[in-house]
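Yeah, the sequence shown ends on 422 if you go by numbering that gives the first Met the number 0, and it's all consecutive.
Cβ coordinates follow ideal geometry from the N, Cα and C atoms, glycine included.
Owing to the predicted nature of the structure, the values given are computational and were not obtained by experimental measurement.
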Amino acid sequence: MSVPTPLDASRRTRSMIVAGLSTVVEWYDFTLYLYLATVLSRVFFGGGENALLATLAGFAVSYLMRPLGALCFGHLGDRFGRRYMLLASMLLMTVAMLATALLPTFDRIGASAGVLLLLLRCLMAFSVGGEYTGVVAYLLETAPPRRRGLITSLASAASEVGALLAVALSALTVAVLSTAQLDGWGWRIPFFVGAALAAAILLARSTMHESPEFERQQAAGTVPVAPIRDTWRFHRGAVARTFAISALGSITYYVGITYVPAFLGSVGEVGESEALWLSTLAAVAVIVVTPLAGALSDRLGRRPLLIVLAMLCALLPLGMFTLMAGGNTLLIGVGAVVLACLAGGVSAVAAPATAEQFPGEGRLSGLALGVTMATAFFGGATPLLAELLVRHTGWASAPGAMIAAVAVVVLPVMWTLRETRPR
């Protein structure tokens, strides 16, 4: 194998930076939707007792499009290259974000506003279906083998940068505008910012180089013709393991981080503005924890860290939601940060661990079948389910029980994982 020249190394580093930053947009948009759920429920569904449930239901329904998008873009990435797939997905994301910012509201067109919002959510979910897994695969295939954990985890860290931008801008918008201004036009500001950010990332992505792994496949003539079929036929065990790892990552993120503002509003302990600022603190904690966990997986291995994290997820979330329901601002902050650190740790280690379950040929299709399917089941619907459980049982710790239950179920899978860290 030839040794990369300094110019090649520089280009690859630049391409990795662009790829890593790309997940900012994906998570900015989806986090923004949840952080502004109470505002959007008034703007697009007219407010009222069931408006928030309708908004969260729209999020859940749109998430069903993610597996379809992942399979389509996964096939594109495995068949024609990672770079072209990432360009196509970002183009669709830019269009969806801009269209959302321009939508008419409930006051203007009635219930049709909610329908249009749902349709754009579906388009966004389809476009980001292969986004995160495509970036993870690209980083894994471009990184030095012994730094795969650290570099691949940057996709998760960049995601949290997007989440941090979303929550910070949402908090600022809510804080400086009156309710009338917010519902009239202020809610559009974060979506316009997202559209501009997506367009900038799309321009930057046009300078990316193809991953070395796909170039190897092209040179060797091993690019799969039917990657989804081949992956399902020969790597079902890897798909199942990936599904289990991603199930824990999804529920810890979507219940332990993004649902928290709606939870705090639902139990009536803090206002919208305060809940968003607490979520900002949690996002900062994740950005710090994620690369540390990724680097630690390079030293200790993916398997032992996943086992420890699954055990912590089985033990801590119940207590953290109990703390947050108590009304004390300090304890709410502690609970939010602990939950965020758990989610960040799982996401950091899961990124390389899932991608390493598959060979380069068909890797994106394998991640689509495992990661994105798990995200669809344990991501989009879980905030809605958590809200329904809290409302109908009166048990504030029910969301923590959801996380603990998934952790207990997947722990045996973590225990039997084959270590994939390069020696």
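Taking 9 Å as the cut-off, the beta carbon of residue 125 is found closer than this to the beta carbon of residue 91. In the three-state DSSP reduction, residue 376 falls in the helix class (H, G or I).
Non-local beta-carbon contacts of residue 321 in its own chain, meaning distances under 7 Å to residues more than five positions away in sequence, involve 395 and 396 in chain order. A straight-line Cα-Cα distance of about 37 Å links residue 385 and residue 140.
Contact between residue 66 and residue 128 holds: CB atoms are separated by about 7 Å, below the 8 Å threshold.
In this structure the segment 96 to 108 does not lie against the segment 237 to 252, because fewer than three pairs of beta carbons, one per stretch, are closer than 8 Å.
In the three-state scheme derived from DSSP, where H, G and I count as helix and E and B as strand, residue 356 is classed as coil. Bounds of the alpha helix (DSSP H) holding residue 163 are 147 to 175.
No Cβ-Cβ contact shorter than 9 Å links residue 162 with residue 138. For a cut-off of 8 Å, the C-beta gap from residue 209 to residue 81 is around 7 Å, short enough to register as a contact. A Cβ-Cβ separation of about 6 Å places residue 295 in contact with residue 304 under the 8 Å criterion.
The criterion of a C-beta distance shorter than 9 Å is satisfied by residue 18 and residue 134.
The beta carbons of residue 182 and residue 42 sit closer together than 9 Å.
Only residues of its own chain outside the window of five on either side were considered, and among them 397 have a CB closer than 6 Å to the CB of residue 388, listed in chain order. In this structure residue 194 is buried. Its beta-carbon is surrounded by 16 or more other beta-carbon atoms within 10 angstroms.
In this structure, residue 36 keeps its C-beta atom at 9 Å or more from the C-beta atom of residue 339. Here residue 175 is exposed. Its C-beta has fewer than 16 other C-beta atoms within 10 Å. Linking residue 408 to residue 185 through their CA atoms gives a straight-line distance of about 43 Å. In the DSSP assignment, residue 186 falls outside any alpha helix (DSSP H), carrying neither H nor E. Residue 414 counts as exposed, since fewer than 16 other beta carbons sit within 10 angstroms of its beta carbon. In the three-state reduction of the DSSP assignment, residue 293 falls in the helix class.
Linking residue 122 to residue 102 through their CA atoms gives a straight-line distance of about 14 Å. Our two residues, residue 100 and residue 165, have alpha carbons roughly 14 Å apart in a direct line.
The Cβ neighbour count for residue 74, taken over all protein chains shown within 10 Å, is at least 16; the residue is labelled buried. Straight-line spacing of the CA atoms in residue 392 and residue 62 works out to 25 Å. Looking only at 405, 273, 177 and 152, the smallest Cα-Cα distance to residue 335 is reached by 273. Separation of residue 345 and residue 299 (C-alpha to C-alpha, rounded to the nearest whole angstrom) is 15 Å.
By the criterion of a C-beta distance shorter than 8 Å, residue 380 is surrounded in its chain by 59 and 62, once the five residues flanking it on both sides are discounted.
Looking from the CA of residue 117, the closest CA among 96, 131 and 222 belongs to 96. Boundaries of the alpha helix (DSSP H) around residue 106: 105 to 108. In terms of CA proximity to residue 93, 204 leads the group 146, 204, 288 and 46. If you draw a straight line from the Cα of residue 254 to the Cα of residue 30, it is about 12 Å long. Assignment of residue 143 by DSSP, reduced to helix, strand and coil, places it in the coil class.
Its Cα nearest to that of residue 52, the residue 265 stands out among 311, 328, 265 and 180. Approximately 12 Å separates the beta-carbon atoms of residue 342 and residue 405; this is outside 8 Å, ruling out the contact.
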